[in-house]
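This report concerns only the one structure given below.
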Amino acid sequence: MNSARGSDPDSIFAAATALIAAAQSLRALGLGVGAAGNLSRRIARNGRAGFLITPSGTGYAALTPEDIPWLDMSGRHEGRRPPSSEWQMHRDIYASRPEAGAVLHAHSPFAVSLACLRRDIPPFHYMIARFGGDSVRVADYALFGTPELARSALAALAGRSACLLANHGMLLYADTLAEAMNQGEELEALCAHYCRALQVGAPVLLAPEEMATARERFKTYQREAHVSTKKTRHGSMKPARLKTTAAAKQEETRQQADACPN
Ligand SMILES: [Zn+2]
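Once you know that position 8 of the sequence shown is 806 in my numbering, the rest is easy, because the numbers rise by one and skip nothing.
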């Protein structure tokens, strides 16, 4: 569960500010293309369950916290701007996955490439286990911004925290906004690695028991990371994971773009 679920105006303002900062970093992280994609985080307002989400039809550069709409779980929004057209996809994840604290949807290049091939990402790398299963599935195609897309995405997310959307992009959720951004970078990198491996041949896939072991290891790792993060907040330890610099990420993505067959 996301711990930041305050309902007072200061909490909403701080959460909206953090959401804008994350949205503005999407491009530098190789996850943003134009104004495509959207980002949300769960937060209650005046005692009502709901979430903040990036607004519809606008770039992120000049956003202010007042531009970030808040939606309740029925889809009614408050704020001066309408929500992203994909709000139903976000709402349905929050409604069905109580552990979801943030949702990221991106049109990142390698995720889109595989989504257009409608090719599930198989267990070619142990990091696939980070998303909960032995593969990252591709959801059946449905038009953007529709309840049908939200339904097909949820079906593809069964037992998983990430999926691809056919002929569209990636979708994932995590317990916090920072973790959703981290996992977005990781999923895009896995898509790039899979594209590269396919250029050379057929990747050797890990066996179900090997993936099961990897998933168990991730559970332990995540528990340790949470403990480490708590200690870091009190100044006694360094962060469990150091962030790749935006410049290095951009260069890596550029090099990968040169190599992808799609
Ligand atoms: Zn989209």
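Glycine is no exception: its CB is placed at the ideal position from the N, C-alpha and C atoms. Bear in mind that the values here come from a model prediction, so they are computed numbers and not experimental data.
- At a cut-off of 7 Å, the beta-carbon of His905 counts as near ligand 1: some heavy atom of the ligand is closer than that.
- Distances between the C-beta of Ala834 and the heavy atoms of ligand 1 include at least one below 7 Å.
- In this structure, the beta-carbon distance from Ala960 to Tyr939 does not fall below 8 Å.
- In this structure, Pro853 sits near Pro880, with a CB-CB distance shorter than 8 Å.
- With distances taken between CA atoms, Leu817 lies nearest to Leu837 out of Leu837, Ser809, Glu946.
- The DSSP-derived three-state label of Asp865 is helix.
- With the rule of 3 Cβ pairs closer than 8 Å, the segment 898–917 counts as touching the segment 816–830.
- For Met979, the uninterrupted alpha helix (DSSP H) run begins and ends at 975–998, by DSSP.
- Cβ neighbours of Leu988 within its own chain (closer than 7 Å, five residues either side excluded): Ile919, His923, Met925, Ile926.
- Of all C-beta pairs linking the segment 868–883 to the segment 928–936, fewer than three are shorter than 8 Å, placing the two stretches out of contact.
- When the five nearest sequence neighbours on each side are left out, the beta carbons in the same chain lying within less than 6 Å of the beta carbon of Ile891 are those of Ala898, Val901, Tyr971, in order along the chain.
- When the Cα atoms are used, Pro1001 and Ala1010 turn out to be separated by approximately 19 Å.
- In terms of side-chain proximity, the C-beta atom of Gly857 is found no nearer than 7 Å to any non-hydrogen atom of ligand 1.
- Relative to ligand 1, Glu884 has its C-beta within less than 7 Å of a heavy atom.
- In the DSSP secondary-structure assignment, Ser838 is bridged to Ile851, Val901.
- Between ligand 1 and Gly830, a heavy atom-to-CB distance of less than 7 Å is absent.
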